[in-house]
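Written below as structure tokens is the structure these notes are about.
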Amino acid sequence: MQQLSLFDANESLSFPEDLLEYFPGFLAPQQGISLMHQLIKEVPWRQQIIQMFGKEVITPRLTAWFGDSNKSYQFSGTRFDPVPWTLALYNLKEKIQKVTGLPFNSVLLNFYRDGNDSVAWHSDNEKELGINPHIASVSIGQARQFEFRHKTDHSRKYGLSLENGSLLIMKGDLQHNWEHRIPKSKKLNNERINLTFRSII
1 MQQLSLFDAN ESLSFPEDLL EYFPGFLAPQ QGISLMHQLI KEVPWRQQII QMFGKEVITP
61 RLTAWFGDSN KSYQFSGTRF DPVPWTLALY NLKEKIQKVT GLPFNSVLLN FYRDGNDSVA
121 WHSDNEKELG INPHIASVSI GQARQFEFRH KTDHSRKYGL SLENGSLLIM KGDLQHNWEH
181 RIPKSKKLNN ERINLTFRSI I
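Everything in the sequence shown is counted per the UniProt record's numbering, starting at 1 for the first residue and increasing by one.
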């Protein structure tokens, strides 16, 4: 499987490219679409209420948490207790582990129903993930822009389109120094699911 460079020659000088790996075509296009429709029907989706800047807000997307029975996860004041693996999710986890050589025991699913759904700037730096976590992100359905910026220098901001069937690996100290988001879009209105596989310690 071919890994593509994320940045042109100039950008790679200012972004530590070794913190991300991107594999387009990890899933075949029709396989990605079929999996998305299956998950939309089968997953017990919820719209979470989380704490942001001292206020309760409703997340502009639907979420679900699957994984091993003792791998709960908490962020923004909300606790996620895992639903047992489905066969489709477990098989996808095994495929990722085979390609990357990395172990995963849980997955967070985000369902973006249209371009109005989004996720705000954040880092996946919860203590349950360890110091320098590896996170494997699979995107299926509508391609959406993935943006990231340096925490102390917001002029260092980059983006790439996460295609249907693609796999993105975030690693190293990325979560310490960088934030990422999926912004809203007025043009891209089809459904999308993102699956972020993690290892809860």
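We put the beta carbon where it would ideally sit given N, CA and C, even for glycine.
In terms of alpha-carbon separation, which member of Gly67, Phe111, Ser139 and Glu128 lies closest to Phe23?
Ser139
Rounded to whole angstroms, what's the CA-CA distance from Asn189 to Glu163? Just pull it up for me.
14 Å
For Glu21, which three-state DSSP category applies?
strand
Got a sec, what are the start and stop residues for the alpha helix (DSSP H) Thr100 sits in?
Leu87 to Thr100
Taking its Cβ as the centre, do 16 or more other Cβ atoms sit within 10 Å of Asn70, making it buried, or is it exposed?
exposed
Hey, how far is the Cα of Leu102 from the Cα of Ile96?
8 Å
With burial defined as no fewer than 16 other Cβ atoms inside 10 Å of the residue's Cβ, what is the status of Ile49: buried or exposed?
exposed
Residue nearest to His37 in terms of C-alpha spacing, selected from Trp178, Asn194 and Leu174
Asn194
On the DSSP letters alone, give me the boundaries of the alpha helix (DSSP H) that residue 202 sits inside.
The displayed coordinates of the chain run from 1 to 201. Any statement about residue 202 would go beyond what the structure contains.
Give me the Cβ distance between His122 and Ile169, rounded to the nearest whole Å; I'm assuming they're in contact under 8 Å.
Rounded, the Cβ-Cβ distance is 18 Å, inconsistent with contact.
For Lys151 versus Glu191, is the C-beta distance shorter than 7 Å?
no
Which runs of the alpha helix (DSSP H) at least 4 residues long sit entirely within the UniProt domain "Fe2OG dioxygenase" (103-201)? Give them in chain order.
174-177
Start and end residues, alpha helix (DSSP H) containing Leu39:
Pro29 to Glu42
Just how far apart, CA to CA, sit Ser155 and Asn177?
14 Å
With a threshold of 6 Å (Cβ to nearest heavy atom), would Val138 be considered close to the ligand GTP?
The ligand GTP is not among the ligands present in this structure, which contains no ligands whatsoever.
Apply the 10 Å Cβ neighbour rule to Arg198 and answer buried if 16 or more other Cβ atoms are within range, or exposed otherwise.
buried
From Val57 to Asp81, what does the alpha carbon distance come to, in whole angstroms?
20 Å
Closest residue to Ile200 among Val43, Lys55 and Val107 (Cα-Cα distance):
Val107
Would DSSP call Trp45 helix, strand or coil?
coil
Can you list, in chain order, the residues of its chain with a C-beta nearer than 7 Å to that of Arg46? Leave out the 5 residues immediately preceding and following it.
Leu62, Thr63 and Ala64
Backbone CA spacing between Glu11 and Lys171 [nearest angstrom]
Confidence at Glu11 is low in this model, with a pLDDT of 46, below 50, so the placement of that residue is unreliable and no value is reported for it.
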